[in-house]
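There are 2 protein chains.
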Amino acid sequence: MDALNYPLSSYYDFQTGQIVPRDSYRQIHLSDMRGYYLADRETLHEPLKEDPLLYEVYECQVPAKPGEMVPCSTIIHPGSVGGEFYMTKGHYHSDTNAAEIYCCLRGHGLLLMQHGGQCLVETMKPGALVYVPAGWAHRSVNVGSEDLIIFAIYPADAGHDYGAIREKGFLKRVLRGPDGSPVVHEAS
Amino acid sequence: MDALNYPLSSYYDFQTGQIVPRDSYRQIHLSDMRGYYLADRETLHEPLKEDPLLYEVYECQVPAKPGEMVPCSTIIHPGSVGGEFYMTKGHYHSDTNAAEIYCCLRGHGLLLMQHGGQCLVETMKPGALVYVPAGWAHRSVNVGSEDLIIFAIYPADAGHDYGAIREKGFLKRVLRGPDGSPVVHEAS
Numbered sequence: 001m002d003a004l005n006y007p008l009s010s011y012y013d014f015q016t017g018q019i020v021p022r023d024s025y026r027q028i029h030l031s032d033m034r035g036y037y038l039a040d041r042e043t044l045h046e047p048l049k050e051d052p053l054l055y056e057v058y059e060c061q062v063p064a065k066p067g068e069m070v071p072c073s074t075i076i077h078p079g080s081v082g083g084e085f086y087m088t089k090g091h092y093h094s095d096t097n098a099a100e101i102y103c104c105l106r107g108h109g110l111l112l113m114q115h116g117g118q119c120l121v122e123t124m125k126p127g128a129l130v131y132v133p134a135g136w137a138h139r140s141v142n143v144g145s146e147d148l149i150i151f152a153i154y155p156a157d158a159g160h161d162y163g164a165i166r167e168k169g170f171l172k173r174v175l176r177g178p179d180g181s182p183v184v185h186e187a188s
Numbered sequence: 001m002d003a004l005n006y007p008l009s010s011y012y013d014f015q016t017g018q019i020v021p022r023d024s025y026r027q028i029h030l031s032d033m034r035g036y037y038l039a040d041r042e043t044l045h046e047p048l049k050e051d052p053l054l055y056e057v058y059e060c061q062v063p064a065k066p067g068e069m070v071p072c073s074t075i076i077h078p079g080s081v082g083g084e085f086y087m088t089k090g091h092y093h094s095d096t097n098a099a100e101i102y103c104c105l106r107g108h109g110l111l112l113m114q115h116g117g118q119c120l121v122e123t124m125k126p127g128a129l130v131y132v133p134a135g136w137a138h139r140s141v142n143v144g145s146e147d148l149i150i151f152a153i154y155p156a157d158a159g160h161d162y163g164a165i166r167e168k169g170f171l172k173r174v175l176r177g178p179d180g181s182p183v184v185h186e187a188s
């Protein structure tokens, strides 16, 4: 994409998480995340019995150049796979200097952030504003009963590295406890 | 500021525009903007009769390096100076590659954006999401009767150039019309 010559104007629905007009949009179903969930990992080579929609991502498309930033809305639906709450894949940035800003607009979630053997957990409720430092992987988990809506902004030239997480996962997993509330486990 | 070693976590009150804990915070009174308003420009060398608080800015402090971004909340109070609605000073970025993202959380305003002899006006209402391209000066104007609250994000190494606007102003001014509604005038 070439340089932007004119301002982009859109509408962000804080209740649904939709950005209109729709620019870049993708849906992530369970089948897109085979191997990410513990339960799913055990049945990796069996057909899925069902393929629910886990989360949706709206992004404004801007040039992938220094000084440009991507506005991004993520809507994680409520639910769990084998007791593990719906979550995003999570990723590092390819550019290890690229930070990310997270602001929770609706719902109740946890934000996992990981770097150098450390994994921190931050609560996401409306108004939570978290600065994910450069070099930290990040994953959002919906632990509530309604959609979790997060507004995120990252440098347009950050790049995404999903491989490390796909192979090794995060150091923590968020499971539904006996009373339905989230319990953070050390990943085995 | 050195590199960030840990995530920053804060709370953004969407109703008041406050970010707590308070990191960087400043208040801009009329006396800080002498020469910006038409009416004030005419009385530039006279003492001000009153010195109202026009707007407030909360920012999270992060390293001024490529890949870092500043989360920023601006609260512009309702009111006018000689019929000209309360507004921010407005600025260009020193780094002409640096864009800015604006998202209106509350209130009713106008966003002026200017580049190369063009001045565009965008309406700011809750949910308005505007991408200010690199090289475009930007100013927010509160044309409503309550606080205008804007969440903005810009590259931490963007730099601010206030000089060009302070000297020449924007190509448009927003004045209160006979019925109280905003009228956009070409600046003389």
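Each protein sequence line maps, in turn, to chains V and A.
Per the UniProt record's numbering, the very first residue in the first sequence carries number 1; after that it's consecutive.
Per the UniProt record's numbering, the very first residue in the second sequence carries number 1; after that it's consecutive.
Idealized CB from N, CA, C, for every residue including glycine.
Per DSSP, cross-strand counterpart(s) of residue i
i	result
L175 (chain V)	V:E84 and V:V183
M69 (chain V)	V:P155
D137 (chain A)	The sequence given here places Ala at residue 137 (chain A); Asp does not occur at that position. Beta-bridge pairing links A137 (chain A) to A:Q114.
Q61 (chain A)	Answer is none; Q61 (chain A) lacks a bridge partner.
I19 (chain V)	V:Y12
D161 (chain V)	V:Y92
A39 (chain V)	None, per the DSSP bridge assignment.
G53 (chain V)	Here residue 53 (chain V) turns out to be Leu, not Gly, going by the sequence shown. BP columns for L53 (chain V) point to V:H29.
V121 (chain A)	A:L112
E100 (chain V)	V:V132
L4 (chain V)	Looking at the DSSP assignment, L4 (chain V) forms no beta bridge with any residue, so it has no partner.
S145 (chain V)	Paired residues: none, contrary to the question.
residue 196 (chain A)	No answer is possible for residue 196 (chain A): it lies beyond the span of chain A, which begins at 1 and ends at 188.
R106 (chain V)	V:I149
C-beta atoms of residue i and residue j nearer than 7 Å
i	j	result
V184 (chain A)	V121 (chain A)	yes
E146 (chain V)	G107 (chain V)	yes
Q27 (chain A)	L53 (chain A)	yes
L105 (chain A)	I76 (chain A)	no
Y154 (chain A)	H91 (chain A)	no
P7 (chain V)	V174 (chain A)	no
D51 (chain A)	S80 (chain A)	no
Y12 (chain A)	G67 (chain V)	no
Integer-rounded CB distance, given that residue j should sit under 8 Å from residue i
i	j	result
residue 192 (chain A)	P63 (chain A)	This structure cannot speak to residue 192 (chain A), because chain A is shown only from 1 to 188.
T96 (chain A)	A137 (chain A)	The Cβ separation is near 11 Å, so there is no contact.
M33 (chain A)	K125 (chain A)	That pair is no contact at about 25 Å.
residue 220 (chain V)	Y58 (chain V)	Any answer about residue 220 (chain V) is impossible in this case: the structure gives chain V only from 1 up to 188.
S94 (chain A)	C60 (chain A)	Not quite, the Cβ-Cβ distance comes to about 20 Å (not below 8 Å), so this is no contact.
C119 (chain V)	L111 (chain V)	Not confirmed; about 11 Å, so no contact.
field: the region 84 to 101 of chain A in contact with the region 136 to 144 of chain A per 3-pair CB rule at 8 Å
entry: Of all C-beta pairs linking the region 84 to 101 of chain A to the region 136 to 144 of chain A, three or more are shorter than 8 Å, placing the two stretches in contact.
field: Contact the region 156 to 168 of chain V vs the region 95 to 102 of chain V: 3+ CB pairs below 8 Å
entry: Contact annotation: the region 156 to 168 of chain V touches the region 95 to 102 of chain V, with at least three C-beta pairs closer than 8 Å.
message: Quick test of the definition: if touching needs 3 or more C-beta pairs under 8 Å, does the region 166 to 180 of chain A touch the region 35 to 53 of chain V?
response: Verdict: no, contact absent.
query: Is the region 5 to 22 of chain V touching the region 64 to 79 of chain V, taking contact as three or more C-beta pairs under 8 Å?
result: By the Cβ rule, the region 5 to 22 of chain V counts as touching the region 64 to 79 of chain V, because three or more pairs are nearer than 8 Å.
message: For the region 6 to 39 of chain A, list every residue whose C-beta sits within 8 Å of some C-beta in chain V, in sequence order.
response: Hits within the stretch, in order: Y6, P7, L8, S9, S10, Y11, Y12, D13, F14 and I19.
- request: Output, in sequence order along the chain, the residues in the region 65 to 88 of chain A whose CB is closer than 8 Å to any CB in chain V.
  value: Here the close residues are K65, P66, G67, E68, M69 and P71.
query: Listed in chain order, which residues of the region 124 to 139 of chain A have Cβ atoms closer than 8 Å to some Cβ of chain V?
result: The region 124 to 139 of chain A vs chain V, Cβ under 8 Å: P126, G127, A128, L129, V130, Y131, V132, P133, A134 and W136.
field: Contact residues within the region 170 to 181 of chain V, judged by C-beta distance below 8 Å to chain A
entry: Within the region 170 to 181 of chain V, no residue places its CB atom closer than 8 Å to a CB of chain A.
query: Between the region 89 to 107 of chain A and chain V, which residues of the former have CB atoms less than 7 Å from a CB of the latter, in chain order?
result: Within the region 89 to 107 of chain A, the qualifying residues are D95, N97, A98, A99, I101 and C103.
query: What residues in the region 141 to 158 of chain V bring their beta carbon closer than 9 Å to a beta carbon of chain A?
result: Listed in sequence order: F151, I153, Y154, P155, A156, D157 and A158.
Chain-ordered residues of the region 45 to 67 of chain V with a beta carbon less than 8 Å from chain A: So the close ones are C60, V62, K65, P66 and G67.
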